[in-house]
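Just below is one structure, and these are the notes that go with it.
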Amino acid sequence: MADVFKDGLLRGQHALITGGGSGINRRIAERFATQGAAVSIVGRSLERVEGAASAIRAAGGQAEGFSADVRDFDALVSAFGQAHEAFGPVDICIAGAAGNFVAEAANMSSNGFRTVVDIDLVGTWNTFRAALTLLREERSNLLAISAVQSVMPMATQAHVCAAKAGIDMLVRTLSIEWAQRGVRCNAIAPGPVADTEGMRRLAPEGDTSWARVLAGIPMARAAGADEIADLALFLCSGAARYIHGTVIAIDGGQSNLGSLPFGQALLESVKPPLS
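Taking my numbering, the leading residue of the sequence shown gets -4, the next gets one more, and so forth.
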């Protein structure tokens, strides 16, 4: 499909992305680089973020990788400082690091629940707070990667539902407090995304659970990572300059049908039906 965006849409801008070593966040990093942004990729695995940055440079873009765990605020401050030294003030900050696993609430440990909340919700807060003093004045964007679980209760996903709902409300609250700083703050909430590590863990393609997932999506397919990246690009561009404090679902209509098909498939993966 032809690119609907003008070339160089982000030329001269610095985009900082946590969780950018893999999955949809890596695709966002690649997409932003093709549109002229210098990209700082932050993640726990130095090998992954450097690999992602190297691939962008090989394609002619600007990128560097920095290692930090989003649960460690001081580590983020240090990594973001290095990114600032490399590319200057931050125009775009994307909080994308996330964790997930399938478990019924009754069988989930407190540590397991807390780990996902710490990575997703606390990690998003740490990312935005650590970036705040590095943002370009009067013109910057914060974008959180939420999920449809923020609005759809889903079996085996109590930890993710709680964390993502928190992210949505955090974004809305920061949009009120930080607007006068010239900071726009939004979130996108993807449904299932094909060919990503997270979806392979939850519902492997070709498995019966994958068919159940697709049955719960009116468009009858999962999103492609490119489609998530295009929405992120739009929201972080001047075309979205009056969109603020909003969570946009990109789920093929899944949230209109509800979570039952997907949630039931996940539930059966950990609790086989009675014979």
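The beta-carbon is built from N, C-alpha and C at its ideal position, and this holds for glycine as well. A quick note: this is a predicted structure, and the numbers were derived from the prediction, not measured.
Straight-line measurement puts the Cα of Ile36 at about 24 Å from the Cα of Asp(-2). If you check the CB distance, Leu137 and Trp173 come in under 9 Å. The DSSP-derived three-state label of Val(-1) is coil.
The continuous beta strand (DSSP E) containing Ile183 extends over residues 178 to 185. Partner residues in the beta bridge of Cys88, as assigned by DSSP, are Leu11, Leu137.
Counting other Cβ atoms within 10 Å of its Cβ, Gly177 stays below 16 and is therefore classed as exposed. Cβ neighbours of Cys88 within its own chain (closer than 6 Å, five residues either side excluded): Leu11, Ala126, Leu137. Around the beta carbon of Gln175, a 10 Å sphere encloses fewer than 16 other beta carbons of the protein chains shown; the residue is thus reported as exposed. Here Ser170 carries a helix assignment [DSSP, helix/strand/coil].
If you compare the alpha carbons of Asp86, Met147, Asp113 with that of Thr128, the shortest gap goes to Asp86. By the Cβ test, the stretch 108 to 120 is in contact with the stretch 64 to 72, since at least three Cβ pairs between them sit closer than 8 Å.
Non-local beta-carbon contacts of Phe82 in its own chain, meaning distances under 7 Å to residues more than five positions away in sequence, involve His9, Ala33, Ser35 in chain order.
Residue state for Glu222 is assigned as helix, using DSSP reduced to three classes.
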